[in-house]
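Enquirer: For the sequence shown, our numbering assigns the number 29 to the initial residue and increments by one for each residue that follows.
Quick reminder that beta carbons are idealized off the backbone N, C-alpha and C, glycines included.
These numbers come from a predicted model, not from an experiment.
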Amino acid sequence: MIKELFSENKQLLSFEVFPPKKEEEFANAFLVLDSLAGLQPDFISVTYGAGGSTSKRTQEIAVRLQDTYHVPALAHLTCVSSTREEISSMVAALRAAGIENILALRGDIPRDADFPSPEHYHYASELIGHIRSLEGGKELCIGAACYPEGHVECPHREDDIDFLKRKVDMGVDFLTTQMFFDNDVLYRFLYRVLAKGITVPVIAGIMPVMSVKQIRRSCELSGTVMPPRLQGIADRFGDDPAAMRQAGIAYATEQIVDLVAHGVEHIHIYTMNKPDVAARIMANLSDIIRPRG
Numbered sequence: 029m030i031k032e033l034f035s036e037n038k039q040l041l042s043f044e045v046f047p048p049k050k051e052e053e054f055a056n057a058f059l060v061l062d063s064l065a066g067l068q069p070d071f072i073s074v075t076y077g078a079g080g081s082t083s084k085r086t087q088e089i090a091v092r093l094q095d096t097y098h099v100p101a102l103a104h105l106t107c108v109s110s111t112r113e114e115i116s117s118m119v120a121a122l123r124a125a126g127i128e129n130i131l132a133l134r135g136d137i138p139r140d141a142d143f144p145s146p147e148h149y150h151y152a153s154e155l156i157g158h159i160r161s162l163e164g165g166k167e168l169c170i171g172a173a174c175y176p177e178g179h180v181e182c183p184h185r186e187d188d189i190d191f192l193k194r195k196v197d198m199g200v201d202f203l204t205t206q207m208f209f210d211n212d213v214l215y216r217f218l219y220r221v222l223a224k225g226i227t228v229p230v231i232a233g234i235m236p237v238m239s240v241k242q243i244r245r246s247c248e249l250s251g252t253v254m255p256p257r258l259q260g261i262a263d264r265f266g267d268d269p270a271a272m273r274q275a276g277i278a279y280a281t282e283q284i285v286d287l288v289a290h291g292v293e294h295i296h297i298y299t300m301n302k303p304d305v306a307a308r309i310m311a312n313l314s315d316i317i318r319p320r321g
């Protein structure tokens, strides 16, 4: 289980992949897995489509990671469009398939949803509590998301930290941050959560910027701020894909170097199914972050 890795008091490096939406795209997805697994991460998380649209594929990829590549898998599970019965069935299916690590998320609210409704979850903390209450739920490793710049739907940062404490109190083993581009934002966040009594491990989520259009859209949706230095890079190289890719890899590498230098040992890279980008970053960090094993 992933929570056991933290007790070993070592650096952790993880990647994220997302399942294909179409069956015919699975062959390429497996090539991505093969390349990422070859970089020897400590675990790989597998995302979960809106409303559970890729739930079956999430499980299939997670099983393949563990059975074929022997890399621990972290299966995402969102609850906003699911009933408690549906979640119970999905957790049972994951456990039956040998998946012991779950990232419990509320998920994005669909635009046309009648939300909230009595049969659905309102918050990720409810999902976490429900998983823990299920048969075998106490033995699972459960992670949750946290937001160094505050959740986009929460106007007050202190309220956001209170909501995070509620998730942790329901039984979270570790937290993974949303992307951020200013390390000082993370350092201030870590002080605030510690002051609130949140002591579970926090994994820093790093997003290499490959496309200016995509990252600006992501920042708009998530409330993440692009600091002036990154904004300058985007303005200068945004129209040159090769230059932007190189600059994005360099920026992500420098973020990770600074994090490790300041004692943040657990790094998660949002690879966007681009193993070549992950490989370049890992090559830059070859003497800073050691492969597992």
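Three-state secondary structure (DSSP) at N312?
Expert: Along the sequence shown, one-based indexing puts residue 312 at 284. Looking at N312 - three-state DSSP - the assignment turns out to be helix.
Enquirer: Below 7 Å between beta carbons: does that hold for I170 and A120?
Expert: Looking up residue 170 in the sequence shown gives position 142. Looking up residue 120 in the sequence shown gives position 92. Their beta carbons are not under 7 Å apart, which means I170 does not touch A120 by this criterion.
Enquirer: Where D197 and P48 are concerned, what is the direct C-alpha to C-alpha distance, given to the nearest angstrom?
Expert: Translated into positions along the sequence shown, residue 197 becomes position 169. Translated into positions along the sequence shown, residue 48 becomes position 20. Going from the Cα of D197 to the Cα of P48 covers about 34 Å.
Enquirer: What residues are listed by DSSP as bridge partners for N301?
Expert: Locating residue 301 in the sequence shown gives position 273, counting from the first residue. Looking at the DSSP assignment, N301 forms no beta bridge with any residue, so it has no partner.
Enquirer: Is it right to say H98 is buried, meaning 16 or more other beta carbons lie within 10 angstroms of its own, or is it exposed?
Expert: Stepping through the sequence shown from its first residue, residue 98 is reached at position 70. By the neighbour-count rule (16 or more Cβ atoms within 10 Å), H98 is not buried but exposed.
Enquirer: Have a look at D286 and G276 and give me their C-alpha separation to the nearest angstrom.
Expert: The residue given as residue 286 occupies position 258 in the sequence shown. The residue given as residue 276 occupies position 248 in the sequence shown. About 16 Å.
Enquirer: So for C169, helix, strand or coil by DSSP?
Expert: Your numbering for residue 169 matches position 141 in the sequence shown. Correct three-state label for C169: strand.
Enquirer: Across the segment 60-68 and the segment 301-314, are there enough close Cβ pairs to call them in contact, namely three or more that are closer than 8 Å?
Expert: With the cut-off at 8 Å, the segment 60-68 and the segment 301-314 touch.
Enquirer: Skipping 5 residues on each side, what residues in its chain have a beta carbon closer than 6 Å to that of S153?
Expert: Translated into positions along the sequence shown, residue 153 becomes position 125. Around S153: R194, K195 and M198.
Enquirer: Between I317 and Q94, how many whole angstroms is the CB-CB distance? I'm expecting something under 8 Å.
Expert: Here residue 317 is taken as the residue at index 289 of the sequence shown, counted from 1. Here residue 94 is taken as the residue at index 66 of the sequence shown, counted from 1. Contact flag wrong, Cβ pair sits at about 22 Å.
Enquirer: For a test of the three-state rule: what should DSSP assign to C174, helix, strand or coil?
Expert: Walking along the sequence shown from the start, residue 174 turns up at place 146. If DSSP states are grouped into helix, strand and coil, C174 belongs with the strands.
Enquirer: In whole angstroms, what is the alpha-carbon distance linking I189 and K224?
Expert: Locating residue 189 in the sequence shown gives position 161, counting from the first residue. Locating residue 224 in the sequence shown gives position 196, counting from the first residue. Answer to the nearest angstrom: the Cα atoms are 8 Å apart.
Enquirer: What residue ranges within the segment 60-142 form continuous alpha helix (DSSP H) runs of no fewer than 4 residues, ordered along the chain?
Expert: Listed in chain order, the complete alpha helix (DSSP H) runs (minimum 4 residues) inside the segment 60-142 are 83-96 and 112-124.
Enquirer: Quick one, are the C-beta atoms of P176 and F217 less than 7 Å apart?
Expert: The residue you call residue 176 lines up with position 148 of the sequence shown. The residue you call residue 217 lines up with position 189 of the sequence shown. For P176 and F217, yes; Cβs fall inside 7 Å.
Enquirer: Compare the C-alpha of Q206 against each of L249, S161 and Y219 and name the closest.
Expert: Residue mapping note: residue 206 aligns to position 178 of the sequence shown, counting from 1. Measuring from the Cα of Q206, the nearest candidate turns out to be L249.
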